[in-house]
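Written out below as structure tokens is the structure these notes cover.
Numbering (my numbering), first residue to last: 18 to 277.
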């Protein structure tokens with residue numbers, strides 16, 4: 018799978034041949050988080066993204082009723098081309114599915130949000146190993162005590178993803194990822210997780226825990242799963258998202274989102 022093109026991987030996902038997390042797939046192609054909402058809530062969520070660009074950097078917003086992301090992958094279908102989706106009603110997770118065709122409605126608007134998987138290739142290119150890829154796991158994600166800026170009906174706290182590094186490598190990782198503001202950019206925190214409300218790194222809210230080796234520090238980036246935590250608090254009547262770690266793979270190259 019690693020050596021297939023983005024289009025080929027999306028086809029395998031559409032055919033049900035890949036239902037696992039997408040970290041490490043289609044290297045050099047940008048990946049995206051997905052949020053789908055009824056039109057009546059779309060403006061509030063657009064405003065939420067504008068006010069919270071670290072966790073919710075927008076890559077594309079689709080036309081009402083269209084599942085086609087014309088800017089980032091015009092031959093794709095957002096109803097079928099992610100490995101796994103989550104369906105929420107009034108903040109409750111009611112289903113996790115591999116195809117949302119049966120849930121699709123003509124009033125839905127899709128938001129593609131930058132994903133930190135995009136900058137991981139830059140880390141690997143600079144000889145900075147990414148632990149969850151090494152261990153074949155989904156990236157660990159945690160709810161924090163950091164409040165997002167409210168917008169309309171949407172409110173809640175930031176979710177972060179974590180990657181461990183030796184201290185000097187953590188600084189280098191911050192420098193590298195700062196070049197990618199469209200996919201979360203530089204870390205929001207390094208070191209003691211309790212300072213941002215995380216009591217135990219082994220107890221993840223999303224994804225899977227990874228090994229923290231001796232003399233390593235945890236490094237935390239804003240995460241596109243934040244809208245799912247926000248949905249649980251804001252309780253919109255209907256919302257579809259990607260399942261954490263199961264991203265949409267675009268046709269856009271990672272470097273197209275780099276500022277240097």
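Cβ coordinates follow ideal geometry from the N, Cα and C atoms, glycine included.
Bear in mind the structure is a predicted one, so any value in this text is a computation, not a measurement.
If the criterion is Cβ atoms closer than 9 Å, does the pair residue 255 and residue 55 meet it? yes
Could you spell out where the alpha helix (DSSP H) holding residue 251 opens and where it closes? 243 to 251
List the whole-angstrom C-beta distance separating residue 158 from residue 147, where the pair is believed to meet the contact cut-off of C-beta under 8 Å. That pair is no contact at about 14 Å.
For residue 128, which residues from the same chain have a beta carbon less than 6 Å from its beta carbon, with the 5 sequence-adjacent residues on both sides left out? 52, 78
Can you give, in chain order, each stretch of the beta strand (DSSP E) that sits fully within the segment 189 to 265 and has at least 3 residues? 234 to 239, 256 to 259
Taking only three categories from DSSP, how would you classify residue 49? strand
Identify the residues that DSSP records as bridge partners of residue 154: which are they? None; residue 154 has no bridge partner.
Do you know how far the Cα of residue 191 is from the Cα of residue 145? 11 Å
Once DSSP output is grouped into helix, strand and coil, what is the label at residue 269? strand
According to DSSP, which residues form a beta bridge with residue 105? 110, 256
Cβ pair count under 8 Å reaching 3, the segment 115 to 125 against the segment 90 to 100: yes
Can you give me the Cβ contacts of residue 73 inside the same chain, cut-off strictly under 6 Å, excluding the 5 residues immediately before and after it? 66, 130
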